[in-house]
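A.B. asks: First the structure, which I've put down as structure tokens, then a few questions once you've had a look.
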Amino acid sequence: MAKKHSEGYLSGKESRRISKENRKITSQLEKQHKRKNVPESEYLTQMHNPNNAVEFDNLHSYFFTDAGTVKAVDGVTFDVPIGKTVGVVGESGCGKSVTSLSLMQLLQRPQGQIVEGEIRLNLGDKAYDITKVPTERMQTLRGNYMSMIFQEPMTSLNPVFRIGAQVDEVIALHDKDGLSKEDIKARTIKLLEMVGIANSEGVYRMYPHELSGGMRQRVMIAMALACSPKIIIADEPTTALDVTIQAQILDLLRNLKDQINSSIMLITHDLGVIAEMADYVVVMYAGRVVEKGTAEEIFANPSHPYTIGLMASKPVVGKKVDKLYSIPGKVPNPINMPNYCYFKDRCEMCVEGCSGAYPREISLSPTHKVSCYRYYDRKAGE
Amino acid sequence: MNMTAGTEEAKASKTNVLEYDPQYILQVQNLKKYFPIKGGLISRTVGHVKAVDGVTFNLKRGTTMGLVGESGCGKTTTGRVILRLSGEKTGGQVLFNGQEVYDLSHEELRHLRTKMQIIFQDPFSSLSPRLPVGEIIGEAVREHGLVPKAEFNDYIDQVMDNCGLQPFHKDRYPHEFSGGQRQRICIARALALNPEFVVCDEPVSALDVSIQAQIINLLKDLQEQHKLTYLFISHDLSVVEHISDTVGVMYLGNLVEYGSTEDIFRNPLHPYTKALFSAIPIPDPKAKMNRIVLEGSIPSPANPPAGCKFHTRCAGCMEICKHEAPVQKEIEPGHFVVCHLYDDAKDLSAASAKPAAAKTAEDKAE
Chain A
58 MAKKHSEGYL SGKESRRISK ENRKITSQLE KQHKRKNVPE SEYLTQMHNP
108 NNAVEFDNLH SYFFTDAGTV KAVDGVTFDV PIGKTVGVVG ESGCGKSVTS
158 LSLMQLLQRP QGQIVEGEIR LNLGDKAYDI TKVPTERMQT LRGNYMSMIF
208 QEPMTSLNPV FRIGAQVDEV IALHDKDGLS KEDIKARTIK LLEMVGIANS
258 EGVYRMYPHE LSGGMRQRVM IAMALACSPK IIIADEPTTA LDVTIQAQIL
308 DLLRNLKDQI NSSIMLITHD LGVIAEMADY VVVMYAGRVV EKGTAEEIFA
358 NPSHPYTIGL MASKPVVGKK VDKLYSIPGK VPNPINMPNY CYFKDRCEMC
408 VEGCSGAYPR EISLSPTHKV SCYRYYDRKA GE
Chain B
-1 MNMTAGTEEA KASKTNVLEY DPQYILQVQN LKKYFPIKGG LISRTVGHVK
49 AVDGVTFNLK RGTTMGLVGE SGCGKTTTGR VILRLSGEKT GGQVLFNGQE
99 VYDLSHEELR HLRTKMQIIF QDPFSSLSPR LPVGEIIGEA VREHGLVPKA
149 EFNDYIDQVM DNCGLQPFHK DRYPHEFSGG QRQRICIARA LALNPEFVVC
199 DEPVSALDVS IQAQIINLLK DLQEQHKLTY LFISHDLSVV EHISDTVGVM
249 YLGNLVEYGS TEDIFRNPLH PYTKALFSAI PIPDPKAKMN RIVLEGSIPS
299 PANPPAGCKF HTRCAGCMEI CKHEAPVQKE IEPGHFVVCH LYDDAKDLSA
349 ASAKPAAAKT AEDKAE
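Read top to bottom, the protein sequences are chains A and B. The first sequence begins at 58 in our numbering and counts up one residue at a time. The second sequence begins at -1 in our numbering and counts up one residue at a time.
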């Protein structure tokens, strides 16, 4: 793997060498994906816990760029239990979205590749390892078993097709019962009603530009729910929306989740939304999980210095502070990560061991895990 | 923004003309901005989008006023109209230091621009990609001849230093900076002219939480150093509560409620404000949510509902709300609300001078 320790500048020669090496790696991985008629046994696997809808196990997703390898996701492990909501928080660029895109196999290929680890998807009677599923088979999984609500409703809908046509397409593509056109239309209208669009017949014939941001997001949700997926990935579903609309959308997501008994993986950087929606919280920083636990544990007892800083830097209504806390420094360069704890340079709670290797995961309780040297001795005491 | 009895009396005596009160840097009365909708073969004006439809407030020197509301409610337009950035106003008055902004000639306005500045919403699209940062910040300074040529470089260095930028950043281009750094450049650009009044149009909504905190702290520090007055437009209520002294809540072009931050957050009066505040997510999983979820979406500003514009979504809607527009009332000292629910409450301002009655007449005349 090409690893350059230059500060920003690369000579043309070096850049060419890197891209040559990248091509070697990516074309090999691409061949794997594009194979036809792969026997199912190759990607069948066993869930570690049958109550989980998805298990991320030591996932590594890298981007092979001409400037070097970006380790966007670098060893992420967490579970999404059936019927629960897992919130993933972190700054932009910390790998939240890449984690979810890896699950959907929607990484920008060929540069973006899953190079290591497993993502186990529970299909009920069997389980698949998403990292090994060929593209061909993947298309039947997307939509039916998992689907995604994208970040920006303004740009994720096609402006030249009517809303109805766009939702119809999803149903027609993934449906195996051979529904007629009328049936599909009826189902689309029912879906639009389900997500709280009052004038569903009218909206069916509208173009995206005729709808407001909240309505577009509802359409996106309708598309995502079209085939009753087992897992819904909501990638910042409310970031572009106002608080009142946000409240509506979150209510809607919660109700729909209960209706079709699926799990939600909620990606956001708004801690308020997480507190309200999530059962479990995963805090990511620079491509790694720094802390995870139940929502109560994370909010009552944030343990990683990054989580603590994140909580302190958000103004809260009703709490008066003179000066907001801000985490000093900035995220390390993703191409050239340090070999010690990634947060050390910004951390105000460093202890002696911090210059050592990246800290391993310490269990504070059966569900609460944190990667930080501050808790090493506590582990020893237990 | 505290409308004292004094200004009210002055207004009552000369119903329509605002009188300059030196404690206020900015006085806005019944400001209106309609955008024409063109249609038909010869693109006639077939209607108007009432983006700002009667906004009245006063802004005290050295304070921050937060302006909140849903997207499309006219927050940004209000900010721009005050700065005379979107053509002519449709009606009302904007007094900046006692001077009507829309009466100025082109040359006078150019000078005034150094006193009023704006920080735009999106730091990714509001900086010219072809100019180095030093030029972005210094262009207006040189154009207005604020500092002698010999001191120019030192001046820019100092402005950048104030905003947390290093001198060597001067020769770099905007694309080399992260979002937070770019927002600092935008702030430095606005402050280089040494303004008195800055409109901050959602300066932190495009940024991450930890960067947000840095920028908010920077804005607060700069306010203390330079005695700045801010109009802080945002839809993030927790940020507004943190930074503002007074808060105005807008709905569909109207300022439905305004008062001191304390009053508004402790005791919201207007049903829309109540719904808005109940929707704020609280970062505590154990917090009880007593959420008022508003039904429907914001009506079109081209064809707003008759009477109170909020009546279509209001839980406490009464018969009168459907055909008569409510007028602004002062419920507590400095706490104004526009709602029929408070018709019976004693109007403090009316008690002193009856401007409410005068305003109704004015509204009806239009």
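Cβ coordinates follow ideal geometry from the N, Cα and C atoms, glycine included.
#1: Note down, in chain order, every chain B residue with its Cβ under 7 Å from the Cβ of Thr301 of chain A.
#2: Could you name the residues of chain B that Lys459 of chain A contacts, counting a contact when the two beta carbons are closer than 8 Å?
#3: What number of angstroms, rounded off, separates the C-alpha of Asn0 of chain B from the C-alpha of Pro391 of chain A?
#4: Per DSSP, what kind of secondary structure is Glu6 of chain B in: helix, strand or coil?
#5: Strictly below 9 Å CB to CB, what residues from chain A border Pro172 of chain B?
#6: How many angstroms separate the CA atom of Ala190 of chain B from the CA atom of Asp243 of chain B?
#7: Between Gly314 of chain B and Leu339 of chain B, how many whole angstroms is the CB-CB distance? I'm expecting something under 8 Å.
#8: Please list the partners that Lys349 of chain A has in chain B, where partner means a Cβ-to-Cβ separation under 9 Å.
#9: Listed in chain order, which residues of the stretch 316 to 340 of chain A have Cβ atoms closer than 7 Å to some Cβ of chain C?
#10: Compare the C-beta of Val207 of chain B against all C-beta atoms of chain A and say whether one is closer than 8 Å.
#11: How about Phe175 of chain B and Ile185 of chain B: do their beta carbons lie closer than 8 Å?
#12: In chain B, what lies closer than 7 Å to Ala352 of chain A by C-beta?
#13: Report yes if the C-beta distance between Thr102 of chain A and Val130 of chain A is below 8 Å; otherwise report no.
#14: Do we get a CB-CB distance below 8 Å when we pair Lys237 of chain B with the residues of chain A?
#15: Near Ile254 of chain A, what residues of its chain come up, given a Cβ to Cβ distance below 6 Å and the 5 sequence neighbours on each side ignored?
#16: Indicate, with yes or no, if the ligand NAP has a heavy atom lying under 7 Å from the CB of Lys91 of chain A.
#17: Quick one: list the residues of chain A neighbouring Arg289 of chain B, beta-carbon separation under 7 Å, in chain order.
#18: Relative to the alpha-carbon of Met161 of chain A, which residue among A:Thr188, A:Asp136, A:Val137, A:Phe135 has its alpha-carbon at the smallest distance?
#19: Give me the Cβ distance between Leu144 of chain B and Val92 of chain B, rounded to the nearest whole Å; I'm assuming they're in contact under 8 Å.
#20: For the beta strand (DSSP E) that Cys198 of chain B lies in, which residues bound it at each end?
#21: Start and end of the beta strand (DSSP E) containing Pro138 of chain A?
#22: Do you know whose CA, among A:Glu148, A:Gln305, A:Ser269, A:Asn109, lies nearest Ile324 of chain A's CA?
#23: Should Glu239 of chain B go down as buried or exposed, given a rule of 16 or more other Cβ atoms within 10 Å for buried?
#24: How big is the Cα-Cα spacing for Ile139 of chain A and Val338 of chain A?
#25: Along chain A, which residues have their Cβ under 8 Å away from the Cβ of Gln212 of chain B?
#26: To the nearest angstrom, report how far apart Asn179 of chain A and Gly69 of chain A are at their CA atoms.
#27: Hey, how far is the Cα of Gly152 of chain A from the Cα of Gln165 of chain A?
#28: Looking at the secondary structure, which residues open and close the beta strand (DSSP E) in which Lys218 of chain B lies?
#29: For His333 of chain B, would you say it is in contact with chain A, using Cβ-to-Cβ distances shorter than 8 Å as the test?
#30: List the endpoints of the continuous beta strand (DSSP E) containing Lys371 of chain A.
#31: Touching or not, the stretch 318 to 337 of chain A and the stretch 382 to 398 of chain A, by the rule of three or more beta carbon pairs under 8 Å?
#32: Closest Cβ-Cβ distance between Ser63 of chain A and chain B: below 8 Å?
#33: Is there a Cβ from chain B that is less than 8 Å from the Cβ of Asp308 of chain A?
#34: Along chain B, in chain order, which residues have C-beta atoms closer than 8 Å to that of Ala366 of chain A?
#35: Which one or two residues does DSSP pair with Lys48 of chain B in a beta bridge?
#36: Let me check understanding here. Comparing Cα to Cα, which of A:Thr364, A:Lys371, A:Tyr66 lies closest to Val427 of chain A?
C.D. replies: Taking the geometry as given:
#1: Neighbours of Thr301 of chain A on chain B, chain order: Glu68, Ala273, Leu274, Ala277, Leu292.
#2: Examination of residue 459 of chain A is not possible in this model, given that chain A is present from 58 through 439 alone.
#3: Residue confidence for Asn0 of chain B is low, a pLDDT of 48 falling below 50, so the modelled location carries little weight; the figure read from the coordinates is stated next. Rounded to the nearest angstrom, the two C-alpha atoms are 50 Å apart.
#4: Interpretation of Glu6 of chain B is limited by its pLDDT of 46, a score under 50 that renders its predicted location unreliable; the figure taken from the coordinates is listed afterwards. Three-state result, Glu6 of chain B: helix.
#5: Neighbours of Pro172 of chain B on chain A: none; closest Cβ ~17 Å, over 9 Å.
#6: 25 Å
#7: 6 Å
#8: Annotation: Lys349 of chain A has no Cβ neighbours in chain B at a cutoff of 9 Å; minimum Cβ distance is about 15 Å.
#9: Going by chain labels, chain C is absent from the structure shown, which instead holds the protein chains A and B.
#10: At least one CB atom of chain A sits nearer than 8 Å to the CB of Val207 of chain B.
#11: Against a cut-off of 8 Å, the Cβ pair of Ile185 of chain B and Phe175 of chain B comes out as no contact.
#12: Pro283
#13: no
#14: Strictly speaking, residue 237 of chain B in this sequence is Val, with Lys absent from that position. Yes, Val237 of chain B counts as interfacial toward chain A.
#15: Val260, Arg275
#16: Absence of the ligand NAP is noted for the structure shown, with no ligands found whatsoever.
#17: Neighbours of Arg289 of chain B on chain A, chain order: Ala304.
#18: A:Thr188
#19: That pair is no contact at about 24 Å.
#20: Its beta strand (DSSP E) spans residues 195 to 199.
#21: 125 to 138
#22: A:Glu148
#23: buried
#24: 15 Å
#25: Ser383
#26: 46 Å
#27: 14 Å
#28: Segment 207 to 224 is the alpha helix (DSSP H) holding Lys218 of chain B; no beta strand (DSSP E) there.
#29: no
#30: Lys371 of chain A -> no beta strand (DSSP E), and no H or E assigned at all.
#31: no
#32: At Ser63 of chain A, the pLDDT of 43 sits below 50, so the modelled position is not reliable and the matter cannot be decided from this model.
#33: The beta-carbon of Asp308 of chain A is placed less than 8 Å from the nearest beta-carbon of chain B.
#34: The sequence given here places Gly at residue 366 of chain A; Ala does not occur at that position. Within 8 Å Cβ-Cβ: Ser208.
#35: B:Tyr32
#36: Closest option to Val427 of chain A, Cα to Cα, is A:Thr364.
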